[in-house]
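Asker: In this text, residue positions in the sequence shown follow the working numbering: the first is 15, and each later residue adds one.
Let me give you the structure first, and then I'll get to my questions.
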Amino acid sequence: MLASVLPVSATRQNLWRLTLVRILVLAAQAGSVGFAYLTHLLPLPWLPLSITLACSGVLCAITSMRLRASLPVTELEYALQLACDLLIHSVLLYYSGGSTNPFVSYYLVPLTIAAVTLPWVYSVALSGLALVCYTTLLVRFYPLDTFPIIARENMQIYGMWLSFALAAGVITFFAARMAEELRRQEQLRAERREEGLRDQQLLAVATEAAGAAHELGTPLATMSVLLKEMRQDHTDPALQEDLGILQDQVKLCKETLQQLVRAAEANRRMAVVNREVTDWLSEALDRWHLMRPESTYRFECLSPGSVPWLAPPPDLTQALLNLLNNAADACPEGLEVQVDWNTENIFISIRDHGPGVPLAIAEQIGKPFITTKGKGFGLGLFLSKASVTRAGGSVKLYSHEDGGTLTELRLPRDARGDGHE
């Protein structure tokens, strides 16, 4: 069985992305300040700027360590992180020209991120904070009057271009990632709705099956007693042979009911045993051939070398029997059963020589009460798919190019069992 992995929350993922963006922006800011310092391009207060950049670096480190913890990331915490970015950006602007600094437009980046990732209440609060900071920078900032006016104008033009490029890149990055995350969450919701519907259908089928199994016990016992008495009362060899076949079939039905009870108990205890896949397949095929003596098949192992191990839950064997029965119902003669594997999965294919899968209902095959047979309820393949999916595998049906139907069963290898002698 494959262990289920809990998805990372959207807020935690967004905080990871914000930290990455913050590190990239910090590198750009530190590079700009360092370049200005080394070239004596601007007369700036280097110590306050260095302290502010250091605080931004500490915030990045603290956030990175905090994200490695298992504590949940709340929307309030995420909003406070964005508020810290706004305040740090405001301090950097204060010491580098205030509202005249072309990088003042970077205020829009945290606000855009907040608008697409947070509830409107937090977005309004952050917008108010940004507006207050921007308004303050209009009247209070560290002036750059000692720098030539023409050079300041040229630098402001280039700075506006660089600010636009940086803001556009960050916003695009976040928007693309958020759109991808929304698509992923929508897909997960769709899969969960489908799983919930399937579980409801399985519960209904299981309830009916339990009731039917309980009711079948008495008539099967009666049939067994009557068949035994009939064999004692009649000596005709042909009749004896027919009665013997009937006794075997009744015995098989009783064993199947007992197997249902044992399987339910094993499922409750989660009692699964590691086995070589070829041994499991051979045993299942022998059992199936006893149920369908009129069928013929050929079993082939395609991969050389050591045989992989499998931990089949009890209902997986029944799923395989259902798939074999479907193939035999299509054409009982000349079934081809093959097993192959790679480092991760085991592949079992069942090919029959029947009419194939009708194109009109190809996409509906495997859903409850959809069948291509004149009899039956269409539950066999549905239950088989459910059992295989629960075991971490998949079932697919194709119309074979040479005629008939090819059923492909994929199962995960049990790495814990590999290497057992």
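By construction, the Cβ of each residue, glycine as well, lies at the ideal position given by its N, Cα and C atoms.
What do you get for Asn356, buried or exposed, if any count of 16 or more other CB atoms within 10 angstroms of its CB means buried?
Answerer: Exposed, since its Cβ has fewer than 16 Cβ neighbours within 10 Å.
Asker: Can you tell me where the alpha helix (DSSP H) holding Ser84 begins and where it ends?
Answerer: Element bounds for Ser84: n/a, residue is neither H nor E.
Asker: Could you pull out every residue in the same chain whose Cβ sits closer than 8 Å to the Cβ of Trp134, ignoring the five residues on either side in sequence?
Answerer: Answer for Trp134: no residue qualifies.
Asker: For Ser413, name the three-state secondary structure that DSSP assigns.
Answerer: If DSSP states are grouped into helix, strand and coil, Ser413 belongs with the strands.
Asker: With a threshold of 6 Å on Cβ separation, who are the neighbours of Arg316 within its own chain once the five nearest residues in sequence on each side are excluded?
Answerer: Checking the displayed sequence, the identity of residue 316 turns out to be Leu instead of Arg. Here the set comprises Gln352 and Asp354.
Asker: Less than 8 Å between the beta carbons of Tyr120 and Ala42, yes or no?
Answerer: Contact: no.
Asker: To the nearest whole angstrom, what separates the beta carbons of Ile185 and Val123, a pair I think is in contact under 8 Å?
Answerer: 6 Å between Cβ atoms; contact.
Asker: List, from N- to C-terminal side, the alpha helix (DSSP H) runs of 4 residues or more that fit wholly inside the segment 44-82.
Answerer: Complete alpha helix (DSSP H) runs here, min 4: 60-81.
Asker: Could you spell out the range, first to last residue, of the alpha helix (DSSP H) harbouring Ser141?
Answerer: Here the alpha helix (DSSP H) through Ser141 covers Trp134 to Val153.
Asker: Counting beta carbon pairs with one atom in the segment 90-97 and one in the segment 23-33, are three or more of them shorter than 8 Å?
Answerer: Touching, yes, given that three or more Cβ pairs across the two stretches are closer than 8 Å.
Asker: Contact check, Thr310 vs Glu347 under 8 Å by CB: the rounded distance?
Answerer: Correct: roughly 5 Å between the Cβ atoms.
Asker: Can you confirm whether the segment 144-151 touches the segment 70-84 when touching is taken to mean that 3 or more C-beta pairs between the two stretches lie within less than 8 Å?
Answerer: Flag = no, the segment 70-84 and the segment 144-151 do not touch.
Asker: So, under 8 Å CB-CB, Ser398 and Asn336 are touching, yes? Tell me the CB distance rounded to an integer number of Å.
Answerer: Yes, they are in contact, since the Cβ atoms of Ser398 and Asn336 sit about 4 Å apart, within 8 Å.
Asker: Please work out which residues of its chain come closer than 6 Å, Cβ to Cβ, to Ser238, disregarding the five sequence neighbours upstream and downstream, and give them in chain order.
Answerer: Contacts found: Val264.
Asker: Quick one: is Thr149 buried, meaning 16 or more other Cβ sit within 10 Å of its Cβ, or exposed?
Answerer: Per the 10 Å Cβ criterion, exposed.
Asker: Kindly identify the DSSP beta-bridge partner or partners of Tyr311.
Answerer: DSSP output for Tyr311 lists Leu349 as bridge partner(s).
Asker: Going by DSSP in three states, Thr421 sits in which element: helix, strand or coil?
Answerer: Reduced to three states, the DSSP call for Thr421 is strand.
Asker: Could you pull out every residue in the same chain whose Cβ sits closer than 6 Å to the Cβ of Ala376, ignoring the five residues on either side in sequence?
Answerer: Only weak support is given to the placement of Ala376: the predicted model assigns it a pLDDT of 46, under 50, and the value that follows is read from those uncertain coordinates. Around Ala376: no qualifying Cβ.
Asker: Under a Cβ-count criterion, where at least 16 other Cβ atoms within 10 Å of its own Cβ denotes burial, should Ser320 be classed as buried or exposed?
Answerer: Exposed, by the Cβ-count rule.
Asker: Only counting the same chain, and skipping five residues up and downstream in sequence, which positions put a Cβ closer than 6 Å to that of Leu423?
Answerer: Cβ within range, chain order: Ile362 and Val409.
Asker: Since Asp354 sits in a beta bridge, which residues does DSSP pair it with?
Answerer: Answer by DSSP bridge pairing, in chain order: Phe361.
Asker: Just the Cα atoms here: how many angstroms apart are Arg26 and Ala75?
Answerer: Cα to Cα, Arg26 sits roughly 16 Å from Ala75.
Asker: For Ala474, which of Tyr156, Asp99, Arg154 and Ser70 has the nearest alpha-carbon?
Answerer: Outside the shown range of the chain, which is 15 to 435, sits residue 474, and nothing can be said about it.
Asker: Going by DSSP, which residues form a beta bridge with Val324?
Answerer: Note that residue 324 is Leu in the sequence shown, not Val. For Leu324, which the question treats as bridged, DSSP gives the partners Arg289.
Asker: Among the residues of its own chain, which have a CB less than 8 Å from the CB of Lys242, if the five just before and after it don't count?
Answerer: Excluding sequence neighbours, Lys242 sits near Gln261.
Asker: For my contact list, Val87 and Ser137 are in at a C-beta cut-off of 8 Å; report their separation, rounded to the angstrom.
Answerer: So it is not a contact: roughly 18 Å between Cβ atoms.
Asker: To the nearest angstrom, how far is the alpha carbon of Lys268 from that of Met305?
Answerer: Going from the Cα of Lys268 to the Cα of Met305 covers about 12 Å.
Asker: Is the separation between the beta-carbon of Thr66 and that of Leu106 shorter than 8 Å?
Answerer: Taking 8 Å as the Cβ cut-off, Thr66 and Leu106 qualify as a contacting pair.
Asker: Please return the same chain residues whose Cβ sits closer than 8 Å to the Cβ of Leu324, not counting the five positions on each side in sequence.
Answerer: For Leu324, where only same-chain residues beyond five positions count, the Cβ hits under 8 Å are Asn288, Arg289, Glu290, Val291, Trp294, Ile360, Leu425, Arg427, Asp428 and Gly431.
Asker: Going straight from the alpha carbon of Glu195 to that of Asn340, what length do you get?
Answerer: Straight-line Cα distance between these residues: approximately 40 Å.
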